[in-house]
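Asker: Sequence lines, in order, name chains A and B.
The opening residue of the first sequence carries number 492 in the numbering used here; numbering runs sequentially from there.
The opening residue of the second sequence carries number 492 in the numbering used here; numbering runs sequentially from there.
By construction, the Cβ of each residue, glycine as well, lies at the ideal position given by its N, Cα and C atoms.
I have a structure here, written as structure tokens, and I will follow up with some questions on it.
Protein chains: 2
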Amino acid sequence: MSLRNALLAMLTSQPMTGYDVYKNFQTSVGYVWHAPDSQIYPELRRMEQDGLIRGESVAWGKRGTKKRYSITEAGVESFQRWLNEPPDYQRERDPIRLRAAYLEWADPKASMDFFTAHIAYHSARIDDWKEMIRTLRDHSNPTLAKRIEGKPPEDADRITAYKVFAYEGMIARARAEIEWAEGGLDLVGKLEKTDQAKPLDDPQ
Amino acid sequence: MSLRNALLAMLTSQPMTGYDVYKNFQTSVGYVWHAPDSQIYPELRRMEQDGLIRGESVAWGKRGTKKRYSITEAGVESFQRWLNEPPDYQRERDPIRLRAAYLEWADPKASMDFFTAHIAYHSARIDDWKEMIRTLRDHSNPTLAKRIEGKPPEDADRITAYKVFAYEGMIARARAEIEWAEGGLDLVGKLEKTDQAKPLDDPQ
DNA sequence: ACAGACTATCTATGGCGATAGATAGTCGGC
DNA sequence: GCCGACTATCTATCGCCATAGATAGTCTGT
């Protein structure tokens with residue numbers, strides 16, 4: 492159900508076409524939620540049927556048309572209902588930790604690469620999110636700008652603060668991952684330091 | 492493909508029935524990976540077809556039988572190949588952060604509850620994982636005991652260390668979540684402190 | 001001897017999501 | 001006036017996963 496709410500969230504800022512949403516999922520909002528277009532278009536159609544959004548065809552060039560969706564009152568209510576619900580957590584399913592738990596079976600070199608890749612990945616994400624926070628804080632983010640236009644400054648600040656805070660959460664988690672992976676590099680170095688160290692290749 | 496590798500990982504310790512696997516996914520290993528039985532049994536059948544595991548019917552009581560699976564050499568190879576691959580990361584899809592980013596639409600009380608629930612959830616997980624680490628360190632964990640039996644102490648230590656380290660990673664991440672959520676409580680308290688503060692209920 | 005808890009396995013349905021590929025129109029630049 | 005990049009939308013398939021429910025045997029205690 493989160494895809495639906497991610498779409499509603501976006502449409503609270505301004506009316507958008509499926510393609511606009513898709514683009515946003517690849518950049519800004521995409522750092523928190525992502526979906527391919529093959530999921531977006533059908534979901535928008537279903538949401539229209541459910542009365543959460545309303546679509547209107549708008550001209551695009553001479554012959555082309557596109558469909559722009561606006562959130563309805565029912566859509567806002569549904570979105571708020573979701574926000575007010577207690578969160579639900581699914582059971583853990585963590586491929587990274589799963590692998591880490593069995594590194595005695597891996598090649599030591601591959602284990603080092605694994606942690607190095609983990610650090611690189613999360614460092615890159617931190618850069619993305621920091622940049623995102625920058626565009627939020629200076630209001631150069633177009634979606635945010637649309638969202639706060641015409642609002643009193645306190646509301647604008649409040650809206651911005653929650654978004655910044657969400658990205659700070661992503662950064663905090665990524666930092667924890669990096670620290671952990673650095674510990675992993677140390678651990679592998681310590682445990683596999685001898686030349687003759689090799690992965691277990693004999694089951695049982 | 493991670494379910495398959497989680498199953499292989501478990502079977503490197505000892506032969507197991509589908510039900511054994513299911514039980515483990517509800518407790519010990521379940522803190523890192525989880526799957527319902529309706530996923531486990533068919534996947535085991537497919538893995539047997541692919542030659543990664545071998546099943547044998549064993550008697551159970553007078554009339555009953557159960558199927559116990561052992562990992563094959565091909566299974567070990569496949570598992571190691573996975574461990575040596577570079578990790579792949581999917582795009583972000585974070586319902587918690589998604590919600591946090593739009594709390595201006597939520598009821599302040601619900602926002603507080605949201606962060607409180609987040610803290611409670613992750614605190615509970617930390618307790619689980621700490622207990623898990625305890626049973627690993629003192630070798631009272633039966634799966635680990637089976638896994639290291641007959642192995643020289645250095646190997647036993649190495650095997651244990653990776654497992655402990657994986658759970659430490661879970662704990663580190665959970666701590667980051669708790670810290671973030673505490674910041675969330677402060678933020679909501681600060682932004683919504685006035686009595687007349689209420690969620691935006693006017694779209695556009 | 002029976003109840004109740006547990007072991008063991010299976011099927012069905014539906015949503016979510018990844019991947020791939022198809023179609024068609026627009027717009028800017030050479 | 002055509003090409004290439006982009007906008008806009010759609011379909012199909014497949015694997016993963018949640019949820020629900022069915023079946024049948026075992027084991028323990030009263």
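If you count every other CB in all the chains shown that lies within 10 Å of the CB of residue 684 of chain A, and 16 or more means buried, which is it?
Answerer: exposed
Asker: How far does the beta strand (DSSP E) with residue 549 of chain A in it extend, from its first residue to its last?
Answerer: 544 to 551
Asker: By alpha-carbon positions, which one of A/582, A/638, A/533 ends up nearest to residue 593 of chain B?
Answerer: A/638
Asker: Strictly under 9 Å for the Cβ-Cβ distance: is residue 644 of chain B near chain A by that measure?
Answerer: It does not; no Cβ of chain A falls within 9 Å.
Asker: In angstroms, rounded to a whole number, what distance separates the CA positions of residue 534 of chain A and residue 624 of chain B?
Answerer: 43 Å
Asker: How should residue 556 of chain B be labelled, buried or exposed, when 16 other C-beta atoms within 10 angstroms of its C-beta is the threshold for buried?
Answerer: exposed
Asker: Going along the chain, which residues of its own chain have a beta-carbon closer than 6 Å to the beta-carbon of residue 610 of chain B, five neighbours each way excluded?
Answerer: 669, 672
Asker: Short of 7 Å in beta carbon distance, which residues of its chain neighbour residue 496 of chain A, apart from the five on each side in sequence? Order them along the chain.
Answerer: 570, 573
Asker: The alpha helix (DSSP H) spanning residue 621 of chain A covers which residue range?
Answerer: For residue 621 of chain A, the uninterrupted alpha helix (DSSP H) segment begins and ends at 599 to 628.
Asker: Give a yes or no on whether the minimum CB-CB distance between residue 634 of chain A and chain B is below 9 Å.
Answerer: no
Asker: I need the DSSP call for residue 695 of chain B, collapsed to helix, strand or coil.
Answerer: Annotation note: pLDDT 44 at residue 695 of chain B (below 50); position unreliable, no value reported.
Asker: In this structure, does DSSP put residue 507 of chain B in helix, strand or coil?
Answerer: strand
Asker: At 4 residues or longer, and completely inside the stretch 549 to 584 of chain B: list those alpha helix (DSSP H) runs for me, N to C.
Answerer: 564 to 575
Asker: Using a Cβ cut-off of 9 Å (strictly closer), state whether residue 585 of chain A contacts chain B.
Answerer: yes
Asker: Does the distance from the CB of residue 521 of chain B to the CB of residue 587 of chain A come in under 9 Å?
Answerer: In this structure, residue 521 of chain B lies away from residue 587 of chain A, with their beta-carbon atoms at least 9 Å apart.
Asker: What span of residues does the alpha helix (DSSP H) with residue 680 of chain A cover, start to end?
Answerer: 644 to 682
Asker: Residue 518 of chain A versus chain B: which residues are under 8 Å apart at the beta carbon?
Answerer: Here the premise fails: no neighbours, minimum Cβ distance about 12 Å.
Asker: If I follow the unbroken alpha helix (DSSP H) through residue 529 of chain B, where does it start and stop?
Answerer: 528 to 540
Asker: Tell me which same chain residues have a C-beta within less than 6 Å of the C-beta of residue 566 of chain A, skipping the five on either side of it?
Answerer: Contacts found: 499, 543, 544.
Asker: Determine the chain B residues that contact residue 549 of chain A at a beta-carbon separation under 7 Å, and present them in chain order.
Answerer: Within 7 Å Cβ-Cβ: nothing; residue 549 of chain A doesn't reach chain B, min ~18 Å.
Asker: Looking at residue 644 of chain B and residue 559 of chain B, is the spacing between their C-beta atoms short of 9 Å?
Answerer: no
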